[in-house]
Each structure stands twice: as structure tokens, then as C-alpha cells.
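Single-structure report; data block below.
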Amino acid sequence: MLNTLISCIEDKGVRATPVRILTLEQFCKDSNAKSLSELQILLDTVDKATIYRTLKTFEKHGILHAIDTNGDAVKYALCSPFCLAEEHTHTHPHFVCEKCDATHCLDKTKISLHNFPSDHTFESMAVIIKGLCPSCKPSR
């Protein structure tokens, strides 16, 4: 696992420091997007500024993408292997559970830009779907 984490970081042109490896490991443990404050709890021996710089470096190099959930904090999730430093290729929505606040990428749900007006310039896209995740959904 360690070699995979190091390769994932170095393949994007980033030096694999211990903090960067620990940070990436947290994203690989489950599919939940994570905020800076959540990572501070998970990486309690690492200071906030270092975690923040790591997140921004990973975002800049196409390892993570930022999700603005219209809440209090930006969350981060793993990019697809096809993301480039200069162009994130995300055309999927994100799901935010209204009960537990878990945030997930809905990678298999694609949003088509097929009919996007040619006289407009596309910069970025953020689609948030809110509801209840399987863990919070009442059983019937």
C-alpha cells in the first residue's frame, strides 16, 4: 500500500513526504470527501497549516479536487487518474447527506455538456445533490 501511495503522489510530479503520504492514505481509506477540520482530527500530530498546504498542493497537481458543498467548509475528494494538473476532468455530481454530512463523489453519474452553448466559456462545474445516504436512510 505504501508504494502505491508514493507512486500516486510522485506520478503527479509531487514529492512524497511523510505528511503527504499520511494525508493521501486518509482519502484512500473510504470514499468520503474530507474537510480540513476532519483531517486535523484524523492527523492529530500534523498542524493545520501543513495539512492545508498539502491539500492545495494535491488539488493543484490533480490528486484531489475541491467540493464546495455550500456549507461551512470546502471538502476534498480523490481525483480520477485522468485528471491533469492544468485540467480537472470532473463532470460528476457530489452527494451530501443531510443527516451525517458525509460527502461522496457520484462518479458513475455523468453530467453531459453536449448542448453547452458555444458562445459561453466553461470554467468549472459544481453540482451538489442532497438527501440521505444509505446509512441514514430509514429502513422500510
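Residue numbering for the sequence shown follows full-length UniProt numbering, starting at 1 and increasing by one per position. Where is the CB? At the ideal position from N, CA and C, for every residue including glycine.
Residue i to residue j span [Cα, whole Å]
i    : j    : result
D107 : C133 : 15 Å
C79  : H65  : 6 Å
K60  : I128 : 22 Å
R20  : T109 : 29 Å
C100 : C136 : 7 Å
S139 : T91  : 31 Å
Sequence-distant residues of the same chain with beta carbon closer than 6 Å to residue i, five excluded per side
i   : result
L42 : Q26
M1  : none
Sheet register partners of residue i (DSSP bridge)
i    : result
T103 : V96
S35  : K75
I21  : BP columns for I21 are empty, so no partner.
Spatial neighbours of residue i in its chain, beta-carbon cut-off 7 Å, leaving aside the 5 residues before and after
i   : result
A16 : I6, I9 and E10
T45 : none
Q40 : K48 and I51
T54 : V19, R20 and T23
Three-state secondary structure assigned by DSSP to residue i
i    : result
I111 : coil
Identify every run of the alpha helix (DSSP H) within the stretch 45-87, keeping only runs that are complete inside it and at least 4 residues long; order them along the chain. You should have 48-60.
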